[in-house]
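S.K.: Protein chains in written order, with the working numbering: chain Y, 290 to 499; chain R, 1063 to 1542; chain V, 6 to 245.
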Amino acid sequence: MASARDEIMARVAAQRRDATPPPVWRSRRHFEDLRDRFEESLRKVKGETIRAGSLDEALAALDSTLADLGAQSVVVNGDSLLAGMDWAGRWPERTLHVAGQSDGDLRAFCASADVGVSSADAALAETGSIIVTSGPGRSRLATLLPPVHVALVPASRLTTDLFTFTAARSGAQPAMMTIISGPSKTADIEQTMAIGMHGPKRFIVILFDD
Amino acid sequence: MSEPNVGATFPQFRTQAIRAIHDPMLQRAIDGATLNFRTGRASALEELPDADVLRDHFKTIRSSTLARLADHLETFERNATAAGAQVHWARDAAEARGIVLSIARDHGADLVVKSKSMASEEIHLNQALAAAGIDPVETDLGEWIIQLAGETPAHIVGPALHKTREQVAELFSQEAGRVMPPDDIPGMTELARGILREKFLAAGIGISGGNIAVAETGTVVLVTNEGNGRLVTSAPPVHIAVVGIEKVAPTWDDAAAWLQLLARSATGQPLSIYTTAITGPARADDPDGPQEVHVVFLDNGRSRQLGTQYEEVLQCIRCGACLNACPVYQEVGGHTYGHPYSGPIGAVLVPLMFGLEEYAALPHASSLCGACLEACPARIDIPRMLLALRAEEVQRHVVSRPEHFVESAAATVMAHPRLYRTFTALGRFFQRPFVRKGGLRPPGPLNLGGDRALPALAKRSFRAQWSELEREGGSDGLSA
Amino acid sequence: MAESKRIALMVTCIVDQVMPEVGMAAVRLLRRAGYTVEFPQEQTCCGQPFFNSGFRERALPLVKRAIEIFEPYDAVVAPSGSCTTMMRAEYPHLLEPWPDWHARAQALAAKTYELSEFLVHQAQWQPQANPHAPRVTYHDSCHMNRMLHLHDEPRSLLEAAGCTLVEMVDPGRCCGFGGIFSVRMPELSNAMTGEKLRRAVATETDLMVTADPGCLMQMRGLAEGLRIEHVATVLEELTR
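(1) Which residues bound the beta strand (DSSP E) around T1474 (chain R)?
(2) Pull up the distance between the alpha-carbon of Y1403 (chain R) and that of S1182 (chain R), whole angstroms please.
(3) Going by the beta-carbon positions, is the gap between A78 (chain V) and A13 (chain V) smaller than 8 Å?
(4) Alpha helix (DSSP H) containing A1129 (chain R): first to last residue?
(5) What are the boundary residues of the alpha helix (DSSP H) that V68 (chain V) is part of?
(6) What ranges does the alpha helix (DSSP H) occupy inside the segment 1160 to 1199 of chain R, keeping only unbroken runs of at least 4 residues that lie completely in it?
(7) Can you list the residues of chain Y that N1287 (chain R) reaches, using a CB-CB cut of under 8 Å?
(8) Ordered along the chain, which non-local residues of its own chain (more than five positions away) have a Cβ less than 8 Å from that of F1416 (chain R)?
(9) Residues of the segment 1241 to 1258 of chain R with a CB closer than 8 Å to any CB of chain Y: list them in chain order, please.
(10) Could you tell me the alpha carbon to alpha carbon distance between L227 (chain V) and F186 (chain V), rounded to whole angstroms?
(11) Tell me which residues share the same chain as T467 (chain Y) and place their Cβ nearer than 6 Å to its Cβ, disregarding the 5 neighbours each side in the sequence.
(12) With a threshold of 7 Å (Cβ to nearest heavy atom), would F55 (chain V) be considered close to the ligand ATP?
(13) From V:R11, V:V32, V:M197, pick the residue whose C-alpha is nearest to that of R1525 (chain R); which is it?
(14) Quick one, which residues of the segment 1470 to 1499 of chain R are near chain V if we go by CB-CB under 7 Å, in chain order?
(15) Can you find the residues in the same chain that come closer than 7 Å, C-beta to C-beta, to R396 (chain Y), ignoring five residues on each side of it along the sequence?
(16) Assign Q1371 (chain R) to one of two classes, buried (16 or more other C-beta atoms within 10 Å of its C-beta) or exposed (fewer than that).
(17) Where do the N-terminal and C-terminal ends of the alpha helix (DSSP H) with A299 (chain Y) fall, by residue?
(18) Please name the residue in R:A1192, R:K1225, R:A1104 whose C-alpha comes closest to that of R1090 (chain R).
(19) Quick one: list the residues of chain Y neighbouring S1429 (chain R), beta-carbon separation under 8 Å, in chain order.
(20) Flag this pair as yes or no: are the beta carbons of M197 (chain V) and G181 (chain V) separated by less than 8 Å?
(21) Please report whether the beta-carbon of D1538 (chain R) lies at a distance below 8 Å from any beta-carbon of chain V.
(22) Buried or exposed for P1439 (chain R), going by 16 or more other Cβ atoms inside 10 Å?
(23) Contact check, Q1377 (chain R) vs K1176 (chain R) under 8 Å by CB: the rounded distance?
(24) Cα-Cα, which of V:H98, V:P45, V:V23 is closest to L1486 (chain R)?
(25) Using a beta-carbon distance below 8 Å, is P435 (chain Y) in contact with chain R?
(26) Give the secondary structure of R1100 (chain R) by DSSP, where H, G and I count as helix, E and B as strand, and everything else as coil.
(27) Quick check: what's the CA-CA separation for L1510 (chain R) versus P191 (chain V)?
(28) So, does the CB of G424 (chain Y) fall closer than 8 Å to a CB anywhere in chain R?
(29) My understanding is that H1150 (chain R) touches V1358 (chain R), with C-beta atoms under 8 Å, so please give their C-beta distance in whole angstroms.
(30) Compare the C-beta of G1535 (chain R) against all C-beta atoms of chain V and say whether one is closer than 8 Å.
(31) How many Å lie between A365 (chain Y) and F492 (chain Y) at the Cα?
(32) Determine the contact status of T338 (chain Y) and L496 (chain Y), defining contact as a CB-CB distance below 8 Å.
(33) Counting contacts by CB-CB distance shorter than 8 Å, is L99 (chain V) in contact with chain R?
(34) Under DSSP, the beta strand (DSSP E) around V1355 (chain R) begins and ends at which residues?
(35) Closest Cβ-Cβ distance between Y1372 (chain R) and chain Y: below 8 Å?
(36) Output the distance between the C-alpha atoms of V188 (chain V) and R1452 (chain R), rounded to the nearest integer angstrom.
Written out as structure tokens, the structure is:
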């Protein structure tokens, strides 16, 4: 007996015919200032943008954001941008977990953390989205379980839209990539929008010039 | 709790339709939801440069992909396997259920969390899991609501859009063991978040569908607003994605066009809040993520459509835009269709995949107004396929004998002008007792129009008056 | 220029038998636009009812005889977007398996016009504004709107004739007719009509105008107190 795979493949292959795929669609967008568009688009989906002139300013903004939030426990994705920082020295008063560096149960920590901090591989101006991936020091749960997600994003990582992003794609695909376009939401009860269904209730991007 | 309606023969469909039409709460809910979706879609597409050109482009992507589907499926399988995923193939629903159950048993899972998936609705996965002693928990809020209510989805995108806040509050109060006020929607959301969060963290397996399968990297893309797509692929140690074989995008560029249209067409969002792309299990140095990823490719009647006049139906991306545009769906709601795939696309898909006899009414549940075609991001010509299905019903004698007789007789009359004149003259005579206020109101079962007056034949037909009209003059002479 | 062309009226079976005044108005309008109109007496039905209910074999003889009847003319005009769509889009499609018939169907399709389309684009007829013209709302019939893309033509004629046009919410929403659909699923069909009528009434105009006899028949069957007329009748009265 033929396996399910072979049978399905045979049926599908029997209908194979020539068809030319269309030429690749290139972005038809042009934004005067990617940062402005990003901020505007993210605002429309109830996300927040804080603009900073440099990495130092961005870190200062992060400090004050955490203070405003009253964050006691913070999980940090130790990715290329954030891995080398001395977080423990910076926030001696907070409980801290740096993914890929700290000992202890990352999952349990994320489940009770007040804030998850990450960077982003890229950001899309058109939709006010950031793109996070899994990898060494990059936890999936860190940006997902805490009620607040704060992302530090260098403006140089902004690209116009999905099409410019995929056109520039290179290298192996990570196990997980998520395009985040705002705080978690639902409209499943009478089409009434409610923020914070399963993911973060607040999504704050600190966008800094680099 | 209403029993899910299964099947849509003419009596079934008619009964359900009448019930829906006379349910004012349902009418209000559907009107509100579909209007919201429609206005959202319109403005989201308007905001794009060249949305119509992009739709043409997308249609070509979809059709050219289906033409070489075997190649793309093989590419997907090769790349997904290289990334460490296990790819399975299911000829039908039973086989798909079997695959999922055996993975669940291998891991001794007794709790499964599910992200919203039409494919899993299609194969009735929850019933199979429950029968095997595994607790399936829907985590999309809408899906969870209908799971608690014991119902099937009323809409491809908004499964619980037929539920009022009062009904949801009642369900949640039972589940939580305390009274939930219906006007506190944030409170109900928070309650669901808490209950479902525990499930996410305790579950042995996460099950999702797949919006897109990107062949060039072997990636399954999931689109959610709530984050359930992220959680089911992050928290449990095993992730299973049940994906229809038609959901393949050859490249990421193709996937970009797909994503650019999907959420805009579905909910009117530029993108859904979370677009999650899963390529195999967590890598060795990833700090978290599932240890196993399984992709179950589901055929279940899909490959049978390739190369037929219905192949186009496989271009569907389940955005629900045709449901929101459809005046029939707006009157009858999703459950009347007797299957989780409802609306115009369901009216084509369901008879094709699950039986023309069992769903005989669906190809007729349309005035052929074309609003679905107008709304479809892939420009699927649903009206043309509905017509083709109607023709198949005639060929396969799914339509009744009396109807065959009447249609044949009427066509014969129409083909012979003398018969045409004779029969219309007879009609003029026999209609007389039933003509009131210019309309024809025959008694009881003869009243084919229901509450509507049928048209009465005019005293004299146009052709009978032609010679007089001809004598009026060749032209009125204004510009001759 | 105009009178040298042979124009045939495809009156449609509904107009012939149920609302002959629409056909008479169409003829008079075409005459005012400078044409001599012929009425081929052998015509009956375009075949759409049978095609739409799945009885394609039964539709075929009707389709072929319609081609035979109308192909000698330079142009065929019908006061119906739906029948025009049948002849223009479905005839060639249905006859695809027979190359000679297919070619004839295409030739006929190329010279078949819906009335308002013909008046605007072929005749380039401009009605004189009538100071007593009513306030109207216009219902787009589905085939005419979505298949033939004739949206502006009837509106521009009505406005030129002096009508004040008040758009209802979603004028392109189906009236619920759908041919056989309206008797196969009358409750559903009528519910759709009810919705349409509510939107028309909300415009508080004097009458609703449409260009399809099918829609007219359907909506009149449920309309109480709302006047609904064919665009030909309205234009003919206004331009007397």
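The beta carbon of each residue, even a glycine, is placed where N, CA and C say it ideally should be.
M.R.: Put simply:
(1) T1474 (chain R) -> not in any beta strand (DSSP E); alpha helix (DSSP H) instead, spanning 1463 to 1477.
(2) 12 Å
(3) It should be pointed out that residue 78 (chain V) corresponds to Tyr in this sequence rather than to Ala. Cβ distance < 8 Å, so Y78 (chain V) and A13 (chain V) count as in contact.
(4) 1113 to 1129
(5) 61 to 75
(6) 1180 to 1184, 1187 to 1193
(7) S473, K474, T475, A476, M486
(8) G1363, H1401
(9) I1247, P1248, M1250, T1251, E1252, A1254, R1255, L1258
(10) 16 Å
(11) V421
(12) Among the components of this structure there are no ligands whatsoever, and the ligand ATP is therefore not found.
(13) V:V32
(14) S1470, A1473, M1476, A1477, P1479, Y1482, T1486
(15) L430
(16) exposed
(17) 293 to 302
(18) R:K1225
(19) None at all; the shortest Cβ gap to chain Y is about 26 Å.
(20) yes
(21) In this prediction, D1538 (chain R) has a pLDDT of 48, which is less than 50 and means its spatial position is unreliable; what the coordinates show is noted afterwards. Closer than 8 Å: yes.
(22) buried
(23) Not a contact, Cβ separation roughly 26 Å.
(24) Just to set this straight, residue 1486 (chain R) is Thr in the shown sequence, not Leu. Among V:H98, V:P45, V:V23, the Cα nearest to that of T1486 (chain R) belongs to V:V23.
(25) no
(26) helix
(27) 7 Å
(28) yes
(29) 5 Å
(30) yes
(31) Sequence inspection shows Val at residue 365 (chain Y); the Ala mentioned does not correspond to that position. Near 15 Å, if we compare the C-alpha coordinates of F492 (chain Y) and V365 (chain Y).
(32) yes
(33) no
(34) 1354 to 1360
(35) no
(36) 15 Å
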